[in-house]
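Step one of this worksheet: look at the structure below.
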Amino acid sequence: MDDRRHTNHAPAEQAYDTHPVGMPPGPVDAAPLYPGDRRAGPYSPEVMHDAAGFGPAAWPATDFRPYDFRPYHAEIARLRHRLASAHAANNRQATEIRRRTEQALAQQKNFWVGKIETLQQRIAVLQHESQREQENREQKNAAIDKQLAEARGAAHALNRHIATLKHELKHVALAASSEQQELKRAHDSIVNRHHAAIAEQLATIESLQQQMDDQDEILEHWKTAQEQAVQLSEWYETEHERERVRYTQLVDEFARFRSKTSEAFAVCEDEIETLEATVGILQTDHEIVELINADLDHLADKRESEIEQLQAELEAVSEEKTSLIETVAGLKSTSDDFDASLFAKDQEIDATKRLATEAQRQLEQTRRENKGLASQNDQLRHRAADLTNEITKLQTELADAKDRADRAESMRLERDHQIREIQSAARAADANALLRANEAEQQYAVELQRLEDELERQKQAQHSDSQLNGIDQAKVTELEHALAASQRAVTASSTENDRLQQTIDQLHTRLAELQRAGETKADRVELLEDTLSELRHDASNHQQENVQLRADLAELRSQLAESADRIATAQHTISQQTEALDQKSQQLEQLEQSRQERDVEAFRSDLEAELAAKWQAQVTELEQNQVTLRERHHQAQLAQQQTIESLQQQLRERIAERDSLKQRDDASGEQIRTLQSQLADWSMQESPVEEVKRLSNELSRCISQHAREREALLWRIEQLQTVRALGRAA
């Protein structure tokens with residue numbers, strides 16, 4: 001609530017009708033007001049006069065425009081001026097209060113200083129008298145004692161009087177300090193109220209500034225929308241190049257993977273050959289062969305499990321390929337539908353162009369009709385000039401007719417005179433002459449009446465022609481104004497059509513770019529499909545190679561079993577031969593048995609250690625190769641899955657963007673058709689001025705709708721940027 005209406009001064013003569021905001025003015029008494037005067041109240045007349053201007057100013061009665069900031073700037077300037085005036089009034093009031101307070105304090109100080117000086121003078125006089133009495137006391141002891149007692153009583157009374165004066169001075173100082181505090185509190189309340197009013201004005205200024213900032217932000221959004229669109233297209237191009245480089249890297253990694261796989265299979269084949277060579281060496285020890293068979297069985301089981309995993313992964317890849325093929329088919333059908341819609345849009349644009357050409361032709365026809373009306377106006381002007389000439393001729397003929405009438409009158413008089421002269425001669429001739437004179441008079445009267453009627457008709461025709469000429473002139477002027485307004489409207493509509501055509505061309509360019517990008521994405525998807533087919537083919541080859549390895553492993557197992565049988569047979573034969581040799585050369589064996597056993601045990605232990613080390617190294621290397629191949633295959637699958645997901649996401653984004661652009665293209669085509677229909681309707685209107693006003697309102701509505709669509713597009717761009725940032729962060 002505004003506190004300026006609640007004052008503490010006494011009611012005075014009011015002037016509500018003359019005050020700008022309906023507030024009562026200050027006191028009308030011309031007498032000076034002092035700080036202690038209760039008539040002044042908490043505000044001075046200057047403050048009340050300055051505070052009277054804080055009422056809300058009327059908003060300029062002009063049409064509001066969304067981008068016209070002049071009313072805001074004018075309002076801000078007015079509020080700043082009011083704020084400066086409030087500050088000035090506050091400063092003036094504070095200065096006046098301070099000056100009055102200082103004057104009052106100075107007056108009181110001077111009063112009490114004068115009073116104290118008077119008392120001090122009296123004290124000095126009394127002291128002088130006491131000294132003089134003391135001197136007299138030395139002269140007169142008895143008189144001095146009495147006078148001293150009197151002086152002491154007077155001194156005590158004077159001290160009491162001085163104490164009383166000091167007490168009164170203290171009370172006066174307290175009253176002055178309390179009055180000063182009251183003045184200070186009044187000043188603080190005034191300052192607080194002024195600050196509240198200033199805060200309200202500042203809040204209004206901040207709200208207006210916020211509105212201006214919002215409008216500036218809208219304008220900045222309008223300006224940066226195209227830049228963001230360009231940046232988005234550039235980002236699409238960079239993403240395209242990045243995906244191409246990524247695809248090249250994937251192809252290179254797949255080639256390296258194939259080379260490493262072939263190298264691993266070559267190493268496996270070498271190891272198999274080494275194992276086949278080792279089989280001949282291991283025929284001397286059946287237990288080591290059994291251990292090797294067990295290890296090979298374990299490795300075969302691991303390989304089978306890995307082959308099953310690869311088969312499951314290949315099935316998943318085949319399912320993903322099937323889904324990708326279905327997605328690509330759907331995208332192709334969508335692209336075909338979009339091409340058909342683009343062809344329909346091209347047909348609509350051609351029809352729109354034809355309609356615009358027809359409207360231009362109708363405009364040219366209207367101009368020719370206006371030229372015909374101008375020529376008709378010239379003809380009417382020539383006709384008016386001819387009528388004026390005819391009126392002049394008729395006036396000359398009227399003058400000639402009057403002359404003839406005068407001459408006829410004179411002839412009639414002459415004939416009357418002749419008739420009177422020859423009346424006595426022949427009554428028949430007189431009668432004939434009178435009859436002829438009467439006939440002549442009737443003829444002359446009829447002729448005069450006819451001429452007067454003809455003159456009246458000519459005047460009426462001239463008046464009607466002048467009225468028609470004025471009406472035609474007004475119509476011509478109105479038609480000229482309508483033609484100028486129509487030309488301006490046509491110019492504005494042609495400008496708007498050019499701008500819409502530029503927007504349509506830009507949209508077509510964007511659609512072509514998106515179509516090319518979609519074709520590029522389709523090519524990339526086809527390349528990925530080819531890569532997936534190659535991967536499946538390689539996986540099938542690997543599976544066949546694994547099957548071949550399993551068959552070779554089974555053959556090795558059978559060969560190892562046969563070798564074990566042969567080793568068992570050889571051992572049995574060796575044992576028999578050894579028994580026979582033992583019977584024949586027992587002494588030699590006893591002599592050399594210790595040395596042979598030591599040599600055989602040493603050779604066997606060395607051979608076992610060497611074979612175990614080689615086997616362990618080969619097994620470790622095979623396991624490491626298998627782990628490496630598995631990790632690389634898993635990483636390649638993850639990279640392919642991520643690439644496929646990113647491509648699907650980009651494809652969905654492109655489809656959504658294409659749909660939005662298609663909707664915008666439809667909206668633009670609808671706007672063009674609406675404007676063309678409005679132009680055709682306007683060309684057929686009888687009151688072009690009203691139609692121009694209606695078209696102006698419709699154009700403002702279209703501009704506001706275009707602004708809303710642009711804001712929606714900016715919101716979509718921000719969403720795409722957010723998605724892109726999230727994708728980069730992921």
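Residues in the sequence shown are numbered from 1 upward in steps of one, following the UniProt record's numbering.
Glycine included, C-beta positions come from ideal geometry on N, C-alpha and C.
- Between the alpha carbons of E200 and A667 lies a distance of about 46 Å.
- H194 and S178 have their C-alpha atoms some 24 Å from each other.
- Contact annotation: I205 and L79 have beta-carbon atoms nearer than 7 Å.
- Judged by their CB atoms, H156 and I97 are not nearer to each other than the 7 Å cut-off.
- In this structure, the CA atom of E709 is about 37 Å from the CA atom of Y247.
- Straight through space, the alpha carbons of G727 and R256 are spaced by roughly 29 Å.
- Burial check for I190: the Cβ neighbour count within 10 Å reaches 16 or more, so the residue is buried.
- The Cβ neighbour count for N90, taken over all protein chains shown within 10 Å, is at least 16; the residue is labelled buried.
- Secondary structure of K109 (DSSP, three-state): helix.
- By a beta-carbon distance limit of 8 Å, E653 contacts L720. Their separation comes to about 7 Å.
- For K140, the secondary structure class from DSSP, reduced to helix, strand or coil, is coil.
- Only residues of its own chain outside the window of five on either side were considered, and among them I162, L165 have a CB closer than 7 Å to the CB of L119, listed in chain order.
- D270 and Q649 have their C-alpha atoms spaced approximately 46 Å apart.
- Sixteen is the threshold: when 16 or more other Cβ atoms of the shown chains lie within 10 Å of the Cβ of Q93, as they do, the residue is buried.
- The residue among E621, R716, S700, Q616 with its C-alpha nearest the C-alpha of D659 is R716.
- Distance from the CA of A351 to the CA of F343, rounded to the nearest whole angstrom, comes to 12 Å.
- Collapsing the DSSP output to three states places F69 in coil.
- With a cutoff of 7 Å on beta-carbon distance, I76 and L202 are scored as not near each other.
- Taking the Cβ atoms as the reference, E657 lies roughly 19 Å from H221, outside the contact range of under 8 Å.
- Under the 10 Å beta carbon count, A329 is surrounded by fewer than 16 other beta carbons and is classified as exposed.
- Exposure of A196 is indicated by the presence of fewer than 16 other C-beta atoms within 10 angstroms of its C-beta.
- With fewer than 16 other beta carbons inside 10 angstroms of its own, A149 counts as exposed.
- The beta-carbon distance between A154 and L126, rounded to whole angstroms, is 7 Å. This is short enough to meet the 8 Å contact definition.
- Take the alpha-carbon of Q460 and the one of R407: they are about 29 Å apart.
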